[in-house]
Amino acid sequence: MRLSRYFLPILRETPREAEIVSHRLMLRAGLIRQQAAGSFSWLPLGLRVLKKINRIIREEQDRSGAIEIKMPTIQSADLWRESGRYDAYGKEMLRIADRHEREMLYGPTNEEMVTDICRAYVRSYKELPLNLYHIQWKFRDEVRPRFGVMRSREFLMKDAYSFDLDQAGARHSYNKMFVAYLRTFARLGLKSIPMRADTGPIGGDLSHEFIILASTGESEVFCHQDYLGFEVPPAEVDFDDVAALQGIVDRWTSLYAATSEMHDAAAFERIPQPSRMSARGIEVGHIFYFGTKYSAPMGAKVMGPDGKEHEVHMGSYGIGPTRLVAALIEASHDENGIIWPEPVAPFDATILNLKTGDAATERACGELYRALESAGFDVLYDDRDERPGGKFATADLIGIPWQIVVGPRSLAEGKVELKRRATGERELLPVGDVVARVKG
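Residue numbers 292 to 731, in our numbering, belong to the letters of the sequence shown in order.
Quick look at the structure:
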């Protein structure tokens, strides 16, 4: 992609409404445009990041055995009355009426709707376990939306819902998501720690939040420092191996880790002082087991092997992709801008032509552009008639992992400069060596 033909509205000044780093940088780098309080348009650069996050989430959900569907954003109030949540949910729910005066709502979550799908089609224990997920827009009418997409009113959510015959099966489904989440966040370039958490309006008696540590995090968390050294489950983990999965979950819950809402000061103080860690954290995922909370009132039953009807046991599992974009920036930035982890960067490399119009630099940039794209890289070519300082500032601000600087002086020696955004490391190397170096 040539930057001269791309839509990248960079802001020189930081908007006054931006309170935290991710909000400031997302506005300045042209990732989003705020349309109203808690409502954002996703611009091309931000959408590229969002799509890469969604791809990784889908791959790990599919690997765990979950099956993707797509449910509507607008839901019937009748379903929520069946579960008893319509009046209990509070003002965060946006309640509306259609032209026939039917009461509807803009879905903040999908437990009721997916339970309705299950009761309509799943009749026998032989059709279980089942886990259905979708990636869909949600709306919660926050009283005070703030921090950009970190706490917005309209947001993208990956929500999965498991159905099992009994508690033992439901626990295994919970463990599948637990492990899938560890893998998902690691692939996004994040170190997540599962922590005991409150179930909130979703309900249930088993819940974990997945927290990443960031100095600008929204809340204080408490955990054993050894979690930072735990190895993430490998790609070849067997999600059907009940004992192996339980072993992974047992290890990742064997030490103290809790959000501020669930913090037990006495238990925390029993940890040896050097191993205690209190830090700021950002929630990036939340999983719940809630038994028959929804299946019982809504009549979601299956015929069991004993010939009797059983209310299905359920769990729900959420990841907020739009929120993750902000969390990634909070965890990885410097004074010059964003530092994207390579798996989610909007482009893999950017080529900076320091002398637009010069035949030699134009030719070298074109050769590099074609070679990198042929090697499978997403490339942003800054071919604008702009001063070098402006190009360097833009490249640092938008955080693309590799910067390839092509200028007449180094090119006279057959070389270009390669900069690693994450470390600031620079090196001069022959033009023909760039692709191999970026691959390496």
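For glycine and all other residues, C-beta sits at the position ideal for the given N, C-alpha and C.
Source: prediction; values computed, not measured.
According to the neighbour-count rule (16 or more other Cβ atoms, all chains shown, within 10 Å of its Cβ), is phenylalanine 501 buried or exposed? Under the 10 Å beta carbon count, phenylalanine 501 is surrounded by 16 or more other beta carbons and is classified as buried.
Within a Cβ cutoff of 6 angstroms, which residues of the same chain sit near leucine 645, ignoring the five residues on either side of it in sequence? So the list reads Pro679, Gly698, once near-sequence residues are dropped.
What residue range is occupied by the uninterrupted alpha helix (DSSP H) comprising tryptophan 543? Unbroken alpha helix (DSSP H) run through tryptophan 543: 533-543.
Would you grab the beta carbon distance between valine 575 and isoleucine 610 for me? Rounded to a whole angstrom, and I think it's under 8 angstroms. Contact flag correct, Cβ pair sits at about 7 angstroms.
Considering only the alpha carbon of each residue, which of Gly460, Met605, Leu479, Glu677 lies closest to leucine 536? Check the Cα spacing between leucine 536 and each of Gly460, Met605, Leu479, Glu677: the tightest is with Gly460.
Through-space distance from glycine 590 to isoleucine 408, alpha-carbon basis: Using only the alpha carbons, I get a separation of about 11 angstroms.
Three-way DSSP call (helix, strand, coil) for alanine 585 in this model: Looking at the sequence provided, one finds tyrosine at residue 585 rather than alanine. Correct three-state label for tyrosine 585: coil.
Euclidean distance between Cα positions of valine 540 and glycine 606: Going by the C-alpha atoms only, they are around 16 angstroms apart.
Limits of the alpha helix (DSSP H) - the one that proline 335 falls within: From DSSP, the alpha helix (DSSP H) with proline 335 extends over 335-355.
Should leucine 663 and alanine 686 be called a contact, given that it needs their Cβ atoms to be closer than 7 angstroms? Between leucine 663 and alanine 686, the C-beta spacing is not below 7 angstroms.
So is isoleucine 347 buried or exposed if we call it buried at 16+ other beta carbons inside 10 Å? It counts as buried.
Going by other Cβ atoms of all chains shown within 10 Å of its Cβ, with 16 needed for buried, is threonine 406 buried or exposed? Buried: at least 16 other Cβ atoms inside 10 Å.
Skipping 5 residues on each side, what residues in its chain have a beta carbon closer than 7 angstroms to that of tyrosine 660? So the qualifying residues of the chain are Ile642, Val670, Tyr672.
Restricting to Cα atoms, I'd like to know which of Leu615, Val729, Lys710, Asp353 is closest to phenylalanine 530. The candidate whose alpha carbon is nearest that of phenylalanine 530 is Asp353.
Tell me whether the beta-carbon of valine 603 lies closer than 7 angstroms to the beta-carbon of serine 623. Taking a C-beta distance under 7 angstroms as the contact criterion, valine 603 and serine 623 do not qualify as a contact pair.
Among Ala505, Asp455, Glu560, nearest to histidine 515 - alpha-carbon criterion: Taking each of Ala505, Asp455, Glu560 in turn and checking the Cα distance to histidine 515, the smallest one comes out for Glu560.
As assigned by DSSP and simplified to three states, the class of serine 466: Per the sequence presented here, residue 466 reads as asparagine, with serine not at that position. The DSSP-derived three-state label of asparagine 466 is helix.
By how many angstroms is the C-alpha of valine 528 removed from the C-alpha of glutamate 359? Roughly 21 angstroms between the two C-alpha positions.
For the alpha helix (DSSP H) containing aspartate 407, name the first residue and the last one. It spans 402-412 - the alpha helix (DSSP H) in which aspartate 407 sits, taken as one unbroken run.
Taking the C-alpha atoms as reference points, what is the distance between serine 313 and valine 523? Whole-angstrom Cα-Cα distance: 26 angstroms.
Just checking my contact of alanine 320 with leucine 688 at CB under 8 angstroms: how many whole Å lie between their CB atoms? Confirmed, Cβ separation roughly 5 angstroms.
So the alpha helix (DSSP H) isoleucine 620 belongs to, where does it begin and stop? That run of the alpha helix (DSSP H) goes 612-622.
Closer than 8 angstroms by C-beta to serine 701: which residues in its own chain qualify, once you throw out the five before and the five after it? Chain order, please. Same-chain partners within the cutoff: Val707, Glu708, Leu719.
Please tell me whether leucine 546 and aspartate 517 are closer than 7 angstroms, where the distance is taken between their beta carbons. Less than 7 angstroms divides the Cβ of leucine 546 from the Cβ of aspartate 517.
Give the C-beta separation of tyrosine 580 and arginine 462 to the nearest angstrom, bearing in mind that I take them to be a contact with Cβ-Cβ under 8 angstroms. Sure, about 7 angstroms apart at Cβ, within 8 angstroms.
Can you tell which of Arg571, Tyr608, Ser355 has its C-alpha closest to the C-alpha of lysine 467? Cα-wise, what sits closest to lysine 467 is Ser355.
What do you reckon, are the CB atoms on leucine 456 and leucine 419 nearer than 7 angstroms? In this structure, leucine 419 lies closer than 7 angstroms to leucine 456 by Cβ.
Counted within 10 angstroms of its Cβ, other Cβ atoms place glycine 705 as buried (16 or more) or exposed: Exposed: under 16 other Cβ atoms inside 10 Å.
Go to phenylalanine 501, then tell me how far its beta strand (DSSP E) extends in each direction, as first and last residue. For phenylalanine 501, the uninterrupted beta strand (DSSP E) segment begins and ends at 497-504.
Is the region 358-375 touching the region 464-478, taking contact as three or more C-beta pairs under 8 angstroms? As far as the Cβ criterion goes, the region 358-375 does not touch the region 464-478, which means the pair count is below three.
Alpha-carbon spacing of arginine 293 relative to aspartate 674, whole angstroms: Roughly 6 angstroms separates the two Cα atoms.
Quick check: phenylalanine 446 and threonine 613, are their CB atoms within less than 7 angstroms of each other? Threonine 613 sits close to phenylalanine 446, with the two beta carbons spaced by under 7 angstroms.
With DSSP run on the structure shown, which of helix, strand or coil describes tryptophan 631? Three-state DSSP puts tryptophan 631 in coil, outside helix and strand.
Put glycine 681 into one of helix, strand or coil per three-state DSSP. The answer is helix: DSSP assigns glycine 681 an H, G or I state.
In angstroms with no decimal places, state the Cα-to-Cα distance between isoleucine 727 and arginine 542. One point to set straight first is that residue 727 is alanine, not isoleucine, in the sequence displayed. Distance from the CA atom of alanine 727 to the CA atom of arginine 542, rounded to whole angstroms, is 39 angstroms.
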